[in-house]
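With the first letter of the sequence shown counted as 1, position 55 gets the number 55 in full-length UniProt numbering; the numbers rise by one all the way through.
Before any comments, here is the structure.
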Amino acid sequence: MTNSFTYSVLQYHHSLMLGESINVGILFWFPSNEEIHFISGNINRIKSLYSDFDQSLYNYLSKNITNKIRLDKNPIFTLSSFDDFKKFIKTSILPEDATVLQFQDPVNVVLGEIDIDIEKTIEEFSNLLLPNLANIKSGPIRHNEHFLIKKFTDILIEHPYYKNIEKKLLKNKVITTNVNNTDIQIRIDLAWQNGSTNIIKPLSFDLSEEKNIIDKSLLNYGYLNLLGDYAKQHNYRFDFIVSKPQERSLFRAYENAIGLIENSDAPKRIIQEEDIAIYSNETLNYLLSNN
Numbered sequence: 001m002t003n004s005f006t007y008s009v010l011q012y013h014h015s016l017m018l019g020e021s022i023n024v025g026i027l028f029w030f031p032s033n034e035e036i037h038f039i040s041g042n043i044n045r046i047k048s049l050y051s052d053f054d055q056s057l058y059n060y061l062s063k064n065i066t067n068k069i070r071l072d073k074n075p076i077f078t079l080s081s082f083d084d085f086k087k088f089i090k091t092s093i094l095p096e097d098a099t100v101l102q103f104q105d106p107v108n109v110v111l112g113e114i115d116i117d118i119e120k121t122i123e124e125f126s127n128l129l130l131p132n133l134a135n136i137k138s139g140p141i142r143h144n145e146h147f148l149i150k151k152f153t154d155i156l157i158e159h160p161y162y163k164n165i166e167k168k169l170l171k172n173k174v175i176t177t178n179v180n181n182t183d184i185q186i187r188i189d190l191a192w193q194n195g196s197t198n199i200i201k202p203l204s205f206d207l208s209e210e211k212n213i214i215d216k217s218l219l220n221y222g223y224l225n226l227l228g229d230y231a232k233q234h235n236y237r238f239d240f241i242v243s244k245p246q247e248r249s250l251f252r253a254y255e256n257a258i259g260l261i262e263n264s265d266a267p268k269r270i271i272q273e274e275d276i277a278i279y280s281n282e283t284l285n286y287l288l289s290n291n
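Given below as structure tokens:
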């Protein structure tokens, strides 16, 4: 498989007449990992060059970009090409003529069959393209849903008999049912069976705001309660692989979120991120020992 990533540089245009501009941020898209990251430049460096630089405007737009990436209903799942990414920037992130801040045409970098180290790639290209970025610390790489499911499946894939194991996994199924006169879809991206059908659901609470953690837990709590009776009748279990916030100040909100999901009506199991290897090996051993 050919690996690649795409980036677009955000520039501050101080004088359109003189053609003066400076790089102030970078938007990265990693299609094979289904991840988008925005990295901000060193604002103090920009202010030292242009005393009239509007930091409040930049902070507002930077936060808005970050929020759109995180909350806009997972836009990465609708991006399938270079042109999609280019259009996504113009229509959803920042229109071309909106302000003195403008994204440049995206650049696609092809790595061939080399595996992408996202954190290292972001660091290297940001240090290269953003002035004096080394003086500031970039934001953390979030342990999102893709990160969690990859951590689970990597252990399976590395096993020498993975092809035999893969045949026993349920993948990419959608079950439509009616609950309380409402059509509901149960999407099974990945599942395995050991008497019950265990639907693997990655669930990331590695978020930056308490409200988002609460909203996400309420959404999943409602979903589980709605499907509780149906899941019991058809012997389904929801296996949630979860990650916690990296900010310690959000740990209590995370614990409350886990408690809420545990109190839901549907059969479920919660696997903390540090226990993913144990769960993966449990799945592996069962599928290998049962034909």
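C-beta: ideal position from N, C-alpha, C; glycine also.
Please indicate yes or no: does the CB of Ala-257 lie closer than 7 Å to some heavy atom of the ligand MN?
-> For the structure depicted, the ligand MN is absent and the ligand set is empty, with no information on it obtainable.
Could you check if Asp-206 is buried or exposed, using at least 16 other CB atoms within 10 Å of its CB as the buried criterion?
-> So Asp-206 counts as buried.
How long is the line joining the alpha carbons of Leu-94 and Val-100, rounded to whole angstroms?
-> Looking at the two C-alpha atoms, the distance is approximately 11 Å.
If you draw a straight line from the alpha carbon of Asn-74 to that of Lys-63, how long is it in whole angstroms?
-> Summary for Asn-74: the model assigns pLDDT 46, below 50, so the residue's position carries little reliability; its value from the coordinates is reported in the next sentence. If you draw a straight line from the Cα of Asn-74 to the Cα of Lys-63, it is about 17 Å long.
Note down the Cα distance separating Lys-151 from Asn-281, rounded to an integer number of angstroms.
-> The straight-line gap from Cα to Cα measures roughly 12 Å.
Going by other Cβ atoms of all chains shown within 10 Å of its Cβ, with 16 needed for buried, is residue 294 buried or exposed?
-> Because the chain is modelled from 1 through 291, residue 294 falls outside the range shown and cannot be assessed.
Give the secondary structure of Asp-275 by DSSP, where H, G and I count as helix, E and B as strand, and everything else as coil.
-> DSSP places Asp-275 in the helix class (H, G or I) of the three-state scheme.
Assigned secondary structure, Arg-142 (DSSP; H/G/I helix, E/B strand, else coil) | DSSP places Arg-142 in coil when its eight states are reduced to three.
Nearest to Lys-216 by CA position, among Asn-235, Asn-181 and Ala-253, is which residue?
-> Lys-216 has its Cα closest to that of Ala-253, out of Asn-235, Asn-181 and Ala-253.
Report yes if the C-beta distance between Leu-190 and Ile-149 is below 8 Å; otherwise report no.
-> For Leu-190 and Ile-149, yes; Cβs fall inside 8 Å.
Using alpha carbons as the reference points, say which of Ile-199, Ser-208, Tyr-7 and Arg-248 lies closest to Ala-266.
-> The shortest CA-to-CA distance from Ala-266 to any of Ile-199, Ser-208, Tyr-7 and Arg-248 is the one to Ile-199.
May I ask you to report which of helix, strand or coil DSSP gives Glu-124?
-> Glu-124: helix per DSSP, three-state reduction.
Among Ile-155, Leu-287, Asn-225 and Gln-233, the one whose alpha carbon lies nearest that of Ile-278 | Of the candidates Ile-155, Leu-287, Asn-225 and Gln-233, the one whose C-alpha sits nearest the C-alpha of Ile-278 is Ile-155.
Who are the near neighbours of Thr-177 in its chain, counting only those whose CB is closer than 6 Å to its CB and skipping five residues on each side?
-> Counting only residues of its own chain and dropping the five nearest sequence neighbours on each side, Thr-177 has a CB closer than 6 Å to the CB of Ile-184 and Tyr-230.
Should Glu-119 be labelled buried (16 or more other beta-carbon atoms within 10 Å of its own) or exposed?
-> Its Cβ having fewer than 16 others within 10 Å, Glu-119 is exposed.
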